[in-house]
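Visitor: Take this structure first; my questions come after.
Number of protein chains: 2
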Amino acid sequence: MTSSIEFVEKLRKSGLRPTKQRIEICKVLFNSEKTFHFTINDLVKMIEDKNNKKISLATVYNTIHAFEKKGYLKEIAINSSQTYFDTNTSDHHHFFDEKEKELIDLENKDVDPIKIKKNISGKKIRSVEVLVRIDTDNQ
Amino acid sequence: MTSSIEFVEKLRKSGLRPTKQRIEICKVLFNSEKTFHFTINDLVKMIEDKNNKKISLATVYNTIHAFEKKGYLKEIAINSSQTYFDTNTSDHHHFFDEKEKELIDLENKDVDPIKIKKNISGKKIRSVEVLVRIDTDNQ
DNA sequence: CTATAGTTTAGAATGATTATAAGCTATTTT
DNA sequence: AAAATAGCTTATAATCATTCTAAACTATAG
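First to last, the protein sequences are chains X and C.
As numbered in numbering that gives the first Met the number 0, residues 0 to 138 make up the first sequence, in order.
As numbered in numbering that gives the first Met the number 0, residues 0 to 138 make up the second sequence, in order.
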């Protein structure tokens, strides 16, 4: 459990002003035991349910993008109509449940390190992401 | 080089009526030596430049989705504002050049087979995709 | 306390994709 | 080979996530 004061610190250290909205978003994202995955809509709902108070969509988008830039969140590549984010910023991979439209972490022990043997000159690898699509096991 | 007649066959066999538009799309997609990646916009441009004639966006979307369903195309997961498709339907992975917004095939020899050691009960693996993001190698 | 640079906000704008429904066309039926 | 029909194409409208705008607000430096 992190206190608001610590979030204020964290924001200031990152060069972000500690506003009410940002602190609320921090509380929702970074106060839970486990990391989790969410969409912007999920997050807006979580915040509004918690506080019984509206927060502007634009603020949520701005803040999430700021947090992503600072490395506090990761965006996950799925060709879905909504973008997913992960509060687990360590290097890891994912299952995507096509039925539940839900992400599930793959721990590093579950996937051997991926070695890319091809090199493209003048280009640097920024990330290596594995997405395992799963679905109901019918017939 | 595949002739129009063969595309007509292929479409009929798939339960798709061989219309002028579909045959044109087949020619653009399946007549080149090498497989390639494209967005819907790319494809519309290719077709219109080739024929000097408009094709409805809706037709292109419908056809591409029909082809994907039949397994003639693969959709590639990238969190980009546009969806990418691949005429290479074999199992393989990709680089995504963040600067050029361009996909590059990774051949199977360039990535060892990926073994997923975690199992989710009641769920079946549909696909395992690796996306390697690359970018200009500055500093 | 004041100035200012950074934030929040509602609402408008954007852009990819999907829906609509009217007219066209390939195929089937007669 | 004409008529029926089922499938297809089309322009346009609708949708929906995301980004933009610019006015009002607020944290903080001086």
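Yeah, the Cβ is synthetic: ideal placement off N, Cα and C, and Gly gets one too.
Report yes or no: do three or more beta-carbon pairs, one from the segment 122-132 of chain X and one from the segment 80-98 of chain X, lie closer than 8 Å?
Guide: yes
Visitor: Please name the residue in Ile22(X), Lys108(X) and Ser89(X) whose C-alpha comes closest to that of Leu72(X).
Guide: Ranking the options by Cα distance to Leu72(X), first place goes to Ser89(X).
Visitor: Taking Cβ-Cβ distances below 9 Å as the criterion, which residues of the segment 105-129 of chain X are in contact with chain C?
Guide: Leu105, Glu106, Lys108, Asp109, Val110, Asp111, Ile113, Lys114, Ile115, Lys116, Lys117, Ile119, Ser120, Gly121, Lys122, Lys123, Ile124, Arg125, Ser126, Val127, Glu128 and Val129
Visitor: Do you know whose CA, among Thr58(C), Val43(C) and Ala57(C), lies nearest Asn140(C)'s CA?
Guide: No information on residue 140(C) is available, as it lies outside the stretch 0 to 138 that chain C covers here.
Visitor: Would you say Ala76(C) lies against chain X (beta-carbon separation less than 8 Å)?
Guide: yes
Visitor: Would you kindly work out how many angstroms separate the C-alpha atoms of Thr1(X) and Thr58(X), rounded to a whole number?
Guide: 22 Å
Visitor: Measure the CB-CB distance between Ile63(C) and Phe84(C) and report whether it falls below 8 Å.
Guide: yes
Visitor: What residues from chain X crowd round Phe94(C), counting only those whose CB sits closer than 9 Å?
Guide: Ile115, Lys117, Ile119, Lys122 and Ile124
Visitor: Taking just the CA atoms, how far does Lys100(C) sit from Arg21(X)?
Guide: 32 Å
Visitor: Three or more C-beta pairs under 8 Å: does that hold for the segment 113-128 of chain C against the segment 116-127 of chain X?
Guide: No: the two stretches stay apart, fewer than three of their Cβ pairs being nearer than 8 Å.
Visitor: To the nearest angstrom, how far is the alpha carbon of Ile75(C) from that of Thr82(X)?
Guide: Roughly 15 Å between the two C-alpha positions.
Visitor: Please report whether the beta-carbon of Val131(X) lies at a distance below 8 Å from any beta-carbon of chain C.
Guide: yes
Visitor: So for Ser126(X), helix, strand or coil by DSSP?
Guide: strand
Visitor: Could you tell me the alpha carbon to alpha carbon distance between Lys143(C) and Leu102(X), rounded to whole angstroms?
Guide: Nothing about residue 143(C) can be read from this structure; chain C reaches only from 0 to 138.
Visitor: Short of 8 Å in beta carbon distance, which residues of its chain neighbour Met45(X), apart from the five on each side in sequence? Order them along the chain.
Guide: Val27 and Phe37
Visitor: Considering only the alpha carbon of each residue, which of Gly14(X), Leu10(X) and Asn87(X) lies closest to Ser31(X)?
Guide: Asn87(X)
Visitor: Name the chain C residues whose beta carbon is nearer than 8 Å to that of Thr82(X)?
Guide: Neighbours of Thr82(X) on chain C, chain order: Asn78.
Visitor: As an exercise, report each continuous beta strand (DSSP E) stretch of at least 3 residues that is fully enclosed by the segment 21-87 of chain C, in chain order.
Guide: 36-38, 73-75 and 83-85
Visitor: Select from Lys69(X), Ile39(X), Asp109(X) and Ile4(X) the residue whose C-alpha is nearest the C-alpha of Gly14(X).
Guide: Lys69(X)
Visitor: Counting only Cβ pairs nearer than 8 Å, list the residues of chain C close to Thr135(X).
Guide: Gly121, Lys122 and Lys123
Visitor: Hey, how far is the Cα of Ile39(X) from the Cα of Leu56(X)?
Guide: 8 Å
Visitor: Between Leu105(C) and Lys114(X), what straight-line distance do the alpha-carbon atoms span, to the nearest angstrom?
Guide: 12 Å
Visitor: Is the CB of Glu101(C) under 8 Å away from at least one CB in chain X?
Guide: no
Visitor: List, in order along the chain, the chain C residues whose C-beta lies closer than 8 Å to that of Glu97(X)?
Guide: Arg125
Visitor: What are the boundary residues of the alpha helix (DSSP H) that includes Leu10(C)?
Guide: Ser3 to Lys12
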